[in-house]
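Peer 1:
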Amino acid sequence: MSQANPFEPLPAAAVNSSPGEWPALPRHVAWVALAVGVIGIVITLITWGRIDEVDYVSLLRQSVSFWLSHLLLSALAAYWLTLVYLERNGLADYPQSASLMLAYGVAWFLVSWALGYALSYLHMGLYEHFDHYGAGGLLSVGLWWLVGLLRFTVEALLTLWLVLHLFRHQARPAEAALPVSATTLAWCFALGMVVVNLQLNALVTRLSMGGMANEVLDGWAGLSGLVSAGLSLLVAFFAARSVLPSQMLGFKGGRLALACLITFALWFCSGMLGMILVLAALWFGFAGSLVLLGLFALLQLALLWPFTRLGLRWGYRVHA
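Quick note: to get my numbering, add 7 to the position in the sequence shown (first position is 1).
(1) Provide the residue(s) that pair with T255 in DSSP beta bridges, ordered along the chain.
(2) Going by DSSP, what residue range makes up the alpha helix (DSSP H) through L98?
(3) Starting from E94, follow the alpha helix (DSSP H) in both directions and report where the run begins and ends.
(4) I need the DSSP call for P180, collapsed to helix, strand or coil.
(5) Tell me the rounded alpha-carbon separation between W321 and Y63.
(6) I50 to L289, Cα distance in whole Å?
(7) Out of T315, P102, M282, which one is the CA nearest neighbour of V301?
(8) DSSP on S104, reduced to helix/strand/coil?
(9) Exposed or buried, G199, counting other C-beta atoms within 10 Å across all chains shown (16 or more means buried)?
(10) Between which residues of its own chain and A309 is the CB-CB distance below 7 Å, once the five residues before and five after are set aside?
(11) Report yes if the CB atom of A246 is closer than 8 Å to the CB atom of R175, and no otherwise.
(12) Take the Cβ of T160 as the centre, count every other Cβ of all protein chains shown within 10 Å, and call the residue buried at 16 or more, exposed below.
(13) State the start and end residues of the unbroken alpha helix (DSSP H) segment that holds L273.
(14) Please name the residue, chosen from Q254, M255, C267, that lies closest to S239 on a Cα-to-Cα basis.
(15) Starting from W168, trace the alpha helix (DSSP H) in both directions and tell me its first and last residue.
(16) Given this structure, state the Cα-to-Cα distance separating R179 from D100, to the nearest angstrom.
(17) Use the C-beta contact count for T212: other C-beta atoms within 10 angstroms, 16 or more gives buried, fewer gives exposed.
(18) Leaving out five residues on either side along the sequence, give the residues of the same chain with a beta carbon under 7 Å from the beta carbon of W194.
(19) Using CA coordinates, which residue listed in I58, S70, H77, L66 is at the minimum distance from A42?
(20) T166: buried (16+ other C-beta within 10 angstroms of its C-beta) or exposed?
(21) Identify which residue in L93, F314, L265, V202 has its Cα closest to the Cα of F4.
(22) Run through DSSP, which three-state label would R34 get?
(23) S253: beta carbon under 7 Å from a heavy atom of the ligand HEM?
(24) Give the C-beta separation of L32 and T89 to the nearest angstrom, bearing in mind that I take them to be a contact with Cβ-Cβ under 8 Å.
(25) Rounded to the nearest angstrom, what separates N96 and R262 at their Cα positions?
(26) Here's the rule: buried if 16 or more other CB atoms are within 10 angstroms of the residue's CB, otherwise exposed. What is E162?
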C-alpha cells in the first residue's frame, strides 16, 4: 500500500487547521546545553588563572575553535534530539519545562564530573603505553577522540533522553503532525554539516601532527577551519533551502542526519581527490601554488551546492 509523501507542500486547509505552534522545549534545551558549555569554559579560564607562567595567547588560539565547535555541537544535538523525541512519541511540547531544564543541567554536570573523574584514571593508566611521537601517537589521538565522542553521547544525549522520559507525564499530546518550514530544516541541515566538518577537521589536524596539541599550527588550523565552516554553512543553507518545499509534515531527524552524512561523504571524497591532484601538480613543479590552492578551495565550496541537493534527495528523500 502506497504511503503519502511527507515532503509534499501542505494544502492550505491543512495548514490553517493545524495549530502551527512550534514547540518551545527544543530551543530551551539548546540554551541549557549552551549554558553548561559556557560554564565549563569559565571554569577552564579560572583554572588557567591559577597557574603561573601560562601563555594565554597560545592557549586561547588552540582552544577557541574547539570551544566554539563544542558549543555548536552541544546546542544542535540537544535541539535535534528533543525534536526527534517529541515527534516519535506524539508529543506537542512540555508546557512547564523549568523543572525539566533544571534537571537536565544538573544531571549533565553530575554525569560529566563522574565521567571526567573516571577517565582521568584511565588516561594516567594508558599514557605510558603509547609512543606519543610515532604510530602510537596517532593511535592515542584517535582513541581519545572516540572516547570524547562517547563521553559526549552519554553526558549530553543519553542524559537528555532520560530526563525527557522521566518528565513525560508533563508533556502535552500532539493533535497532528507538526508543519516544519524549509528554513528551519535548512538551518538544521547546514549546522549539522558544519558540526561534522569541524569535528573531522579537529581530528585530522591532531592526526597530521601526531597528537602534539601544543604546536603553533594547531591553533591557526582551528581558526582557519572556523572561517571555512562559516562559508560552507552559508552555501549548505541556501542549497538546502532551494531544494526543500516551503513546508513539510514532520521533522524526520533521522533522515535529515542521513542526508548530512551523505552530503559530507561526497564532499569529503571530492576534497581528497582534489587534494591529491593539487599535491601532484606541486610535486611536478607547477607554478603558482597559492593560486592553485585558492582555485581548489573555491571549487570545493561550489561543489557543496550540488552535493547538498543530492544528499537531501537520497537521504531525506525530497524530490527536487
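From the three backbone atoms N, C-alpha and C, an ideal C-beta is built for every residue, glycine too.
Peer 2: So, from the data block:
(1) Inspection of the sequence shows that residue 255 is occupied by Met rather than by Thr. DSSP, once it has assigned bridges, lists V187 as partnering M255.
(2) That residue, L98, is in no alpha helix (DSSP H); its beta strand (DSSP E) goes 98 to 100.
(3) 63 to 95
(4) strand
(5) 46 Å
(6) 46 Å
(7) The question names Val, yet the displayed sequence has Gly at residue 301. Considering only alpha carbons, the answer is M282.
(8) coil
(9) buried
(10) none
(11) no
(12) exposed
(13) 260 to 290
(14) C267
(15) 166 to 173
(16) 6 Å
(17) buried
(18) F244
(19) H77
(20) buried
(21) Only positions 8 to 327 of the chain appear in the structure, and residue 4 is not among them; the question remains open.
(22) helix
(23) Here there are no bound small molecules, and the ligand HEM is not part of this structure.
(24) 6 Å
(25) 17 Å
(26) buried
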